[in-house]
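A.B. asks:
Number of protein chains: 2
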Amino acid sequence: MGTDYVHGYTPAETRRLADQAGTLADLLHGGTTYAPGSRVLEAGCGVGAQTVQLVTRSPGIDLVSVDVSEESLAEAKSRVAAAAPYATVDWRHADLLDLRGEKFDHVFVCFVLEHLADPTDALARLREYLNPGGTITVIEGDHGSAIYHPRSPSAQAVVDCLVDLQAEAGGDSLIGRRLHPLLQQAGYGDVRVEPRTVYADPARPELVDGFTRKTFIAMVESVRERALAAGLRTEAEWAAGIRDLERAAEAGGTFHYTFFKGVGRR
Amino acid sequence: MGTDYVHGYTPAETRRLADQAGTLADLLHGGTTYAPGSRVLEAGCGVGAQTVQLVTRSPGIDLVSVDVSEESLAEAKSRVAAAAPYATVDWRHADLLDLRGEKFDHVFVCFVLEHLADPTDALARLREYLNPGGTITVIEGDHGSAIYHPRSPSAQAVVDCLVDLQAEAGGDSLIGRRLHPLLQQAGYGDVRVEPRTVYADPARPELVDGFTRKTFIAMVESVRERALAAGLRTEAEWAAGIRDLERAAEAGGTFHYTFFKGVGRR
């Protein structure tokens, strides 16, 4: 199930994911708490940005956090150790689907499906790890929901690079709108999906900085080298696009993005 | 300030606006109530879809509802008479800006600015009608927020027709994202804008029917004749686009749209 991680593994990327988790924690995790003693699988924990939320919002759970990248796991361990030193996490360096025979009460998957060539298959396999009645929670973005002022074809061109590179790598950064059918196709029942919308304007400076700049624009910036190397944009086009995108984070600018959060039951 | 009303004045359009108001009433009007005795101006009441909400959610207000179309006003009167026979509304057949000398505690404007060539000027003039400390509430959509599954270039082409025809008529159907800067430029203080997101999938059949079909697709359909007459699409292209858009309202389909609601103070 391994695919290229389109955003790359760099300190800037680690910082981006941490900023994102801080600013968005309530928005994304709101409504998700697990009872003490529940056995929970975090499938694809990355650098631990969401792991910190899971252990602090659901104290006393028996959490297994899995990732294919040893570097990310090391980062995740130190992040959790710093933010929640009392928490115990069973860290596993493994493929998501390499837990054959284990069973969980709940599965949590955040910003993972967008990178997979066959998300339905992944969801169906994760379902096998659930005890009957257990739930899966899936959170994904959808870059098609990114609308901003001022509008700019140059800015849209760099956003489209992110979408195109993700698609070339076999993923789908427009996956949020598909969560409901994906969960249904994978065999889950009681499927409920909700939009979780981020909107940033000058009256919300913490979101302008934490989301527009340090999450969204930073995410677009993370594919710059790949976009240039692939010849998708020239250096000048890239710079102009980023410059225009930054106007959405300046006086008079606005930015809107929707995440989708879905829950299904085995 | 008169402009062509891009959606046209037909029974189907009247029905669309009523369905829209019913399904969306809580989403759009939530948080908006005016104290009994307040003098409120509804600028551009159209067929009264929002007027019914204003008089039922804020009983006892002194409401003046204005529209440039005599036909729409007649429709609005009978709608309010049927839905809220006890309500008294001071109906005015006039241009929005033809109330010189009058003063209000609050102004309410819904789905009007998108049709205007100079929304900042309109907002600035409406500000003159407010008593100091009075508020304006503005609600607008943004067709750029329309994302759906399955994706389809044919479907997007018919949605784009709506955007293009609105732009040709001097309006802007991507105006929602601009509400914050527009209100600021028009001189309002304490400006707060919130997204109000509609998301419809098979688990929400009332929204699939009331919003995806009877609001959004119906709105796109309302410009069919104009789009064909303008040569923007052939009949076959139009039919294919609508067919694809309808898939978003069928099994396995989803639809997402964001309205923006802004409040400012004089």
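Chains as they are written, first to last, in UniProt numbering: chain A, 1 to 266; chain B, 1 to 266.
Think of the CB as a built atom: it goes at the ideal place given N, C-alpha and C, for glycine as much as any other residue.
These numbers were taken from a predicted model, which means no experiment stands behind them.
1) Nearest chain B C-beta to Ile147 of chain A closer than 8 Å, yes or no?
2) Report yes if the CB atom of Arg127 of chain A is closer than 8 Å to the CB atom of Tyr188 of chain A, and no otherwise.
3) So, with DSSP's three-state summary, where would you put Val47 of chain B?
4) Going by the DSSP bridge assignment, what does Ser65 of chain B pair with across the sheet?
5) Measure from the alpha carbon of Asp244 of chain B to the alpha carbon of each residue in B:Pro153, B:Asp95 and B:Lys103, then state which is nearest.
6) So is Gly2 of chain A in contact with chain B if we call contact Cβ pairs under 8 Å?
7) Looking at Val158 of chain A: is its Cβ nearer than 8 Å to the Cβ of Val107 of chain A?
8) Since Ala203 of chain A meets chain B, which of its residues come closer than 9 Å, beta carbon to beta carbon?
9) Identify every residue that forms a DSSP beta bridge with Gly264 of chain B.
10) With a threshold of 8 Å between beta carbons, is Thr135 of chain A in contact with chain B?
11) For Gly2 of chain A, is the classification buried or exposed, using 16 other Cβ atoms within 10 angstroms of its Cβ as the cut-off for buried?
12) For the stretch 183–241 of chain B, list the alpha helix (DSSP H) runs that are entirely contained and at least 4 residues long, ordered along the chain.
13) Identify, in the order they occur along the chain, each residue of the same chain with its Cβ nearer than 6 Å to the Cβ of Thr137 of chain A, setting aside the five sequence neighbours on each side.
14) Looking at Trp91 of chain A and Lys77 of chain A, is the spacing between their C-beta atoms short of 8 Å?
15) Comparing C-alpha positions only, which one of A:Thr120, A:Arg204, A:Ala84 and A:Asp105 sits nearest to Gln184 of chain A?
16) DSSP three-state call for Thr254 of chain A: helix, strand or coil?
17) What does a CB cutoff of less than 6 Å around Ala155 of chain A pick up in its chain, not counting 5 residues either side in sequence?
18) Give the secondary structure of Asp105 of chain A by DSSP, where H, G and I count as helix, E and B as strand, and everything else as coil.
19) Taking the beta carbon of Pro195 of chain A as the centre, do at least 16 other beta carbons fall within 10 Å, making it buried, or is it exposed?
20) Closer than 8 Å, CB to CB, is Gly252 of chain A near chain B or not?
21) What residues in its chain sit with their C-beta under 7 Å from that of Cys161 of chain A, if we drop five residues either side in the sequence?
22) By how many angstroms is the C-alpha of Pro202 of chain B removed from the C-alpha of Glu250 of chain B?
23) Which of helix, strand or coil does DSSP assign to Met1 of chain B?
24) Rounded to a whole number of angstroms, what is the C-alpha to C-alpha distance between Leu165 of chain A and Ser173 of chain A?
25) Quick check on this structure: which residue in B:Gly44, B:Ala81 and B:Ala87 has the alpha carbon closest to the alpha carbon of Pro36 of chain B?
26) Within 10 angstroms of its Cβ, does Gly253 of chain B collect 16 or more other Cβ (buried), or is it exposed?
27) Mapping DSSP to helix, strand and coil, what is Leu123 of chain B?
28) Here's a check: name, in chain order, each residue in its chain whose Cβ is nearer than 8 Å to the Cβ of Thr258 of chain A, leaving out the five neighbours to either side.
29) Could you name the residues of the same chain whose beta carbon sits closer than 7 Å to that of Tyr129 of chain A, not counting the 5 residues immediately before and after it, in chain order?
30) Could you give the distance in angstroms between the alpha-carbon of Gly210 of chain A and the alpha-carbon of Ser69 of chain B?
31) Measuring straight from C-alpha to C-alpha, what distance separates Glu225 of chain A and Thr215 of chain A?
32) To the nearest angstrom, how far is it from the Cα of Ala94 of chain A to the Cα of Ala25 of chain A?
C.D. replies: This is what the structure holds:
1) yes
2) yes
3) coil
4) B:Glu42 and B:Trp91
5) B:Pro153
6) With a pLDDT of 39 at Gly2 of chain A, under the threshold of 50, the modelled position of that residue is not reliable, and the figure given next carries that caveat. No, Gly2 of chain A does not count as interfacial toward chain B.
7) no
8) His180, Asp190, Val191, Arg192 and Val193
9) B:Ile136
10) no
11) Interpretation of Gly2 of chain A is limited by its pLDDT of 39, a score under 50 that renders its predicted location unreliable; the figure taken from the coordinates is listed afterwards. Gly2 of chain A is exposed by the Cβ-count criterion.
12) 218–221 and 224–229
13) Thr32, Phe108 and Val263
14) yes
15) A:Thr120
16) strand
17) Gly241, Asp244 and Leu245
18) strand
19) buried
20) yes
21) Val223, Ala227, Leu232 and Arg233
22) 7 Å
23) Caution applies to Met1 of chain B, whose pLDDT of 37 falls short of 50 and renders its modelled position unreliable; the model cannot decide the point.
24) 9 Å
25) B:Ala87
26) buried
27) helix
28) Gly141, Asp142, Ser145, Gly176, Pro195, Arg196, Thr197 and Val198
29) Leu41, Leu99, Glu102, Lys103, Phe104 and Val107
30) 46 Å
31) 18 Å
32) 26 Å
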